[in-house]
Structure formats: structure tokens, C-alpha cells
Amino acid sequence: MFLTDLIGWVGAFLLLLAYFLLIHKDLTSRSRGYQILNIAGALFLGVSTFAREAYPTFVTNMAWVIIGLYGMFHITKNRKSKAVKRK
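The sequence shown lines up with residues 4 to 90 when you count with my numbering.
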């Protein structure tokens, strides 16, 4: 269980780091860095909670991953459309 615990701690750290950087205004909710930290953090916590058979928490974290991927998709889409408009 040591490895899954470590993965869980890293995931928790990444989520808290993302939130801190958002509050500190080093990142915005529309930045790729913020979304990557959230996706990775939730994914790592998801692995840890699945290993512990904490399924409600696992589902919550997988929803967090999906929301983060959705956000990343829109960020990328908007940046591409802005780049096309500039040309």
C-alpha cells in the first residue's frame, strides 16, 4: 500500500497547489497549468482511493478529471480560434 499512499499524497499536494496558485493569482482557471495540476491531482487521488476501495471518493475524483479535461479542451479550442482570427 505504500506506493498507492504516496500517489495519493502527491495527488492531494497537486490539487492544493493548484488552488493556492489560483488564489495567489499565479494561475487563472483558464490556464493550462491550472487544468493540468487539477487533472493530475485528481487522477492520482483516484488511483489511491480506488486501491482503498473508497468508491464514492474515486467517482468524485474521476468526475474532477473529466471536468478538467473538458476545461482543457475548451482552453485549447479557444486559443486555436483566436490564433486563426489573428491571421
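Using N, Cα and C, we set each Cβ at its ideal position, and we do this for glycine too.
Only a predicted model underlies this, so the values are computations on that prediction, with no experimental measurement involved.
Taking every protein chain shown into account, the CB of Phe47 has 16 or more other CB atoms within 10 angstroms, so this residue is buried. Just so you know, the alpha carbons of Thr31 and Ile78 end up roughly 11 Å apart. Here His27 carries a coil assignment [DSSP, helix/strand/coil]. Pairwise C-beta distances place the region 17 to 34 in contact with the region 42 to 56, as three or more of them are shorter than 8 Å.
Residues of the same chain with a CB within less than 8 Å of the CB of Asp29, apart from the 5 flanking positions on each side, do not exist. Taking the CA atoms as reference points, Tyr58 sits about 15 Å from Thr7. The C-alpha of Arg89 is placed about 30 Å away from the C-alpha of Ile69.
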